[in-house]
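Report on one structure; see the data block that follows.
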Amino acid sequence: MTNEFLILVSILLPLAGAVGITITGRRYPNLREAVTLVTAASLAVVVWALLPELLAGERPSVRVAEMLPGLAIEFQVEPLGMIFAALASLLWIINSIYSIGYMRGNNEQHQTRFYVLFAVALSAAMGIAFAGNLLTLFIFYEVLTLSTYPLVAHKGDGKTVVSARTYLGILLATSIGLFLPAIIWTYHVTATLDFTPGGILDGHLAGPAVGLLLALYVFGIGKAAVMPVHRWLPAAMVAPTPVSALLHAVAVVKAGVFTITKVVVYIFGVELLFTETSADWLLFAAAFTVIAASVVALRQTNLKRLLAYSTIAQLSYVVMAVAILKPLSEIGAAIHIVAHAFGKITLFFAAGSIYTAAKKTEIHQLRGIGRRMPWTMAAFTIGALSMIGVPPTAGFVSKWYILAGSFQSDNHVAIVTIIVSTILNSLYFLPIIFYAWFCREEVAPVTDHGEAPLAIVVALTATAALTVLLFLFNQPVLDLASQLGGMPK
Amino acid sequence: MILTNHLPALQVVVPLLVAPLVVLMRVRGLPWAVATTTSLVAFAIAVGLTNTVLDSYSVTYEMGSWRAPYGIELHVTSFSALLLLIVTAASTLTLVAGKQSIDTEIEHDRQPLFYAAWLLALAGFTGIVVTGDAFNIFVFMEIASLASYVLIAAGSDRRVLPAVFKYLIMGTIGATFYLIGVGLIYMMTGTLNLADMEARIHEVGELRPILVAAGFITLGLILKAAIFPLHAWLPLSYTYAPHIVTAFLAACSTKVALYVLLRFDFLVFQQNLPAHEVQFTVFLMPLAVLAILIASGVAVFERNLKGLLAYSSLAQVGYILLGASLVSVPGLTAGLMHMFNHALAKGTLFLAVACLGMRFTRLGLVNLSGVARQMPWTMAAFVLAGLSLIGVPGTAGFISKWMLISAALQEGALGVALVAVIVVSSLLAVVYIWRVIELAYFGDPTEASQLANEAPAWLLVGTWVAALMNIYFGIIPSFPLSLARESAASLLQHLP
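This is the structure in structure tokens:
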């Protein structure tokens, strides 16, 4: 099989899976789950099969159609996209296992629709990861938004639908109102939209226009949740936990920061942004979001909302790392996409596990829960430590690189932000861990529960293990990340 | 072959002659079969003409071998070919797919008259497009309009009657204005042949009557094309007309009026009136912008599905006009492309409405709540066409919107403002299409939508053919693009 073929397969396979799930879904739930798992596993195989050639320096690409000159639907595998695709396809397998436990454990409705749309979202994520130009990326970006809307609105009651509308409204409005004009502007000045190492805008745009265009991109890519376009993320907390995991770890927010990274590296080019002072605001915006979101997280009493604000902060870590514009920090950004995904999916899995077993959602209810659910809380602890950046977890690796990059350019804003946010992270995560392990239950729970269903425990153990493993074996990600084109040495 | 030389005439004559015959056919199903076959023949002729035009630039035909300017001259250019394709394809597809829908809405004994009116409308529209004679255009415009009134009035809802009366009055005013304009030009030049007019106005010393004529003609045609603020006849007529009629008319009727408008302004007046392109822009661009913004805004709050789509049509006509009012080749190309693409999108949407109309007597949005569960194919086609209407990449609508934005950006600061208008109205389109999708897919099923089952297969097939064309021409737009480019270039050849 040629690589071009593999690229197309990686996008079509989840869609085929969606069809299979639809057909089997009505009558045979077990078969339906099997289809999901098989599709997820084969997708991972397909994506990982592209890896060797990529590491050898090849950039396989395939052009599907060219509508107008310079305006094509085209895919190309490059290191950053590979990281995203490999991450998403790997986590889909684990998330599917978890979903089975969660959806059955909570007797959720419309399970077939859930699995179908999940598969469609994964197809969109693959399209985003392998997009060879901005237009292709934009198409799949919108598909991802639309396919996740019903997932967020899964419960279907009034409150959920209102929240889901906020989700859809913000993401669609920013993407059409800002992202698309930015793409049009780019096309207008450069007559191309291809992702090119070193960027395409250099020499075509200068002065304040660069900063303005960057603003259109950063706020237009609402999925990256840079303040003030972050509101959709807490709103989406009404979704079932596997969907939250999809949003926060597997695909959606990762697609956002991935797109911003790609735009900075392959459209603007690091050189251009480095010399252009009008683009400096991005660092401050990201730093502000990191601190502000962490402060808001401190005040949350609901576990999932706390995690949501933590995600907003962590996303801006990636954006900030990109904005530092140093090779080491760009590598840090790429690793942080992976590290945060592993850590945050573990945290969400744990939150969902607690909900499934104990029906608890508030932080103050978690006293002494560590004794009843040791596996869950152990995984939660690992995830939380990774968020703070304590070794031996993945979060430490990425923070290390981002910090190294900031020191490289003597970027005091970034250094201070990282230190302050680490303190804030500890302040909101450590009390939960302390309550869970070292306090006694104030009132005995209604039902004498133990751990969540096996599928859930297996999944969250796996992601917790990944979080630790990434600390130990981060060489493959590092290799890929250091291949990012167009870095000034 | 001899027959191929007569294609421009046959394009009009065939439906015109078959129409009275259809009235006489009393056998059930026969009128439909004959009308559909005739429409298919018309489509084939249009395809033949397009082929010729693509080879040899344009075709002229002298009616009864009378030399122009004394006789009537038919003149088929790439621009006419584009319109001919839109009109005949819309008619054929809606007729082929729509038999069951028409059967449920129109009693059998009235059907011969209905199909006769349909063919007359077809003859009228194609006649307007092929003829090169200003008065001939008026005649065909009247034929098409009168037939349209009849078609619309065939709707089963009694509220159609005031709606069609309104259309009749407004349409007549529009046609009269056009006629006054043509009369003034005839007074000054003594000719009715468009090509001849163009040359002879040149010799006229006093241009004021020509300017007045330009005003009358532009105004009359704006009324016919339902451009804001002269659009009042359109929404109600489209809402209460039989569904298949709405699909047919929405795809082509306003575009034919725009066709005449563009031919007059760019071919007849452009060379002869000083700074005509400036006047054209100054007068029409604000109207186009208002149409785009206001009609999209109204569509957001519209409660009836067909009304919603009708208002959306008004906005889309605004896009076409906006492209033309840039008076540049890229702008006009984008406008013409949008004619084609909007016909595709709106035709599909109204065909999907016809599918829904088979199962629902009322098409208020609330009635359709939860319908997607029972009619998944219908709603999927609706979604596809809706995406095209919004202009999502990968659909036909995207191509023309992208070209329109590119063309606007060449105009500097004004262009940026126009891009903002287009973006805002696209967002509004997202909202109004999404309202339908959200209700249909996530709303609680009403009693009616629980009982509904999927539309008849044949109607669905037609709808899906149209829906897939939206995708096809969104990915491979080269065919309409070449026609549109050539048309724009020939319309603007006289520009400095």
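Chains as they are written, first to last, in my numbering: chain A, 45 to 533; chain B, 1173 to 1668.
Here a beta-carbon is modelled for each residue, glycine too, at the ideal position from N, C-alpha and C.
In this text the structure is predicted, and so the values were computed from the model without any measurement.
> Should the segment 109 to 123 of chain A be regarded as contacting the segment 261 to 272 of chain A, the criterion being three or more beta carbon pairs within less than 8 Å?
Replying inline: no
> Beta-carbon separation of LYS508(A) and HIS384(A) under 9 Å?
Replying inline: Position check: residue 508(A) holds Ala in this sequence, whereas Lys was assumed. For ALA508(A) and HIS384(A), no; Cβs fall outside 9 Å.
> Is VAL106(A) close to chain B, meaning its C-beta is less than 9 Å from at least one C-beta of that chain?
Replying inline: no
>> Runs of 4 residues minimum, wholly inside the segment 1506 to 1574 of chain B: which ones carry the alpha helix (DSSP H) assignment?
In response: 1548 to 1562
> With burial defined as no fewer than 16 other Cβ atoms inside 10 Å of the residue's Cβ, what is the status of TRP1238(B): buried or exposed?
Replying inline: exposed
>> Give me the residue from ILE432(A), ALA85(A) and TYR399(A) with the minimum Cα distance to THR355(A).
In response: ILE432(A)
> What does VAL1564(B) touch in chain A if you count any residue whose Cβ is under 8 Å from its own?
Replying inline: ILE183 and GLU186
>> For a minimum of 4 consecutive residues, which ranges assigned as the alpha helix (DSSP H) are wholly contained in the segment 66 to 143 of chain A?
In response: 73 to 93 and 95 to 99
> Is TYR1242(B) helix, strand or coil by DSSP?
Replying inline: coil
> Does any C-beta atom of chain B lie closer than 9 Å to the C-beta of HIS232(A)?
Replying inline: yes
>> Could you check whether ALA1293(B) and SER1320(B) sit closer than 9 Å to each other, using their CB atoms as the reference points?
In response: yes
> Based on the DSSP secondary-structure assignment, which residues constitute the bridge partners of TYR1412(B)?
Replying inline: Paired residue(s): none; TYR1412(B) is not in a bridge.
> Can you list the residues of chain B that LEU391(A) reaches, using a CB-CB cut of under 7 Å?
Replying inline: Residues of chain B passing the Cβ test: none, with the nearest at roughly 29 Å.
>> If I follow the unbroken alpha helix (DSSP H) through TYR361(A), where does it start and stop?
In response: 347 to 368
>> Just to confirm the assignment: which complete beta strand (DSSP E) runs, minimum length 3, are found wholly within the segment 1244 to 1294 of chain B?
In response: 1245 to 1248
> How many angstroms separate the CA atom of LEU222(A) from the CA atom of TRP229(A)?
Replying inline: 10 Å
> With DSSP run on the structure shown, which of helix, strand or coil describes ASP1616(B)?
Replying inline: coil
> Mapping DSSP to helix, strand and coil, what is ASN1365(B)?
Replying inline: strand
> Looking only at its own chain, which residues have a Cβ that is under 7 Å from the Cβ of ALA330(A), when we skip the five neighbours before and after it?
Replying inline: VAL270, SER360, VAL363, MET364 and ALA367
>> Among SER1485(B), LEU1459(B) and PRO1458(B), whose alpha-carbon lies nearest the alpha-carbon of ALA1471(B)?
In response: SER1485(B)
>> Report the CB separation of LEU1445(B) from LEU1379(B) in whole angstroms; it is logged as a contact under 8 Å.
In response: 7 Å
>> With DSSP as the reference, identify every bridge partner of GLU406(A), one or two as the case may be.
In response: ASN346(A)
>> Short of 8 Å in beta carbon distance, which residues of its chain neighbour SER470(A), apart from the five on each side in sequence? Order them along the chain.
In response: ILE432
> Do you know how far the Cα of ARG415(A) is from the Cα of TYR1613(B)?
Replying inline: 44 Å
> If you draw a straight line from the alpha carbon of VAL1608(B) to that of ALA1482(B), how long is it in whole angstroms?
Replying inline: 14 Å
> Residues of chain B with a CB under 9 Å from the CB of PRO278(A): which are they?
Replying inline: None at all; the shortest Cβ gap to chain B is about 21 Å.
>> So, under 8 Å CB-CB, LEU1494(B) and LEU1590(B) are touching, yes? Tell me the CB distance rounded to an integer number of Å.
In response: 7 Å
>> For a quick check, are the C-beta atoms of ALA1316(B) and GLY1299(B) less than 9 Å apart?
In response: yes
> Excluding sequence positions up to five away, which residues of its chain have a Cβ less than 6 Å from the Cβ of HIS1403(B)?
Replying inline: LEU1486
> In whole angstroms, what separates the C-alpha of ALA1460(B) from that of ILE1357(B)?
Replying inline: 27 Å
> Along chain A, which residues have their Cβ under 7 Å away from the Cβ of SER1598(B)?
Replying inline: ILE220
> If you compare alpha carbons, which of LEU1256(B), VAL1603(B) and ARG1198(B) is closest to VAL1555(B)?
Replying inline: VAL1603(B)
> Rounded to a whole number of angstroms, what is the C-alpha to C-alpha distance between GLY61(A) and VAL53(A)?
Replying inline: 11 Å
> Per DSSP, what kind of secondary structure is TYR211(A) in: helix, strand or coil?
Replying inline: helix
> Straight-line CA distance for GLN155(A) to THR68(A)?
Replying inline: 12 Å
> Who are the neighbours of PRO1649(B) on chain A, taking C-beta pairs under 8 Å?
Replying inline: MET111 and LEU112
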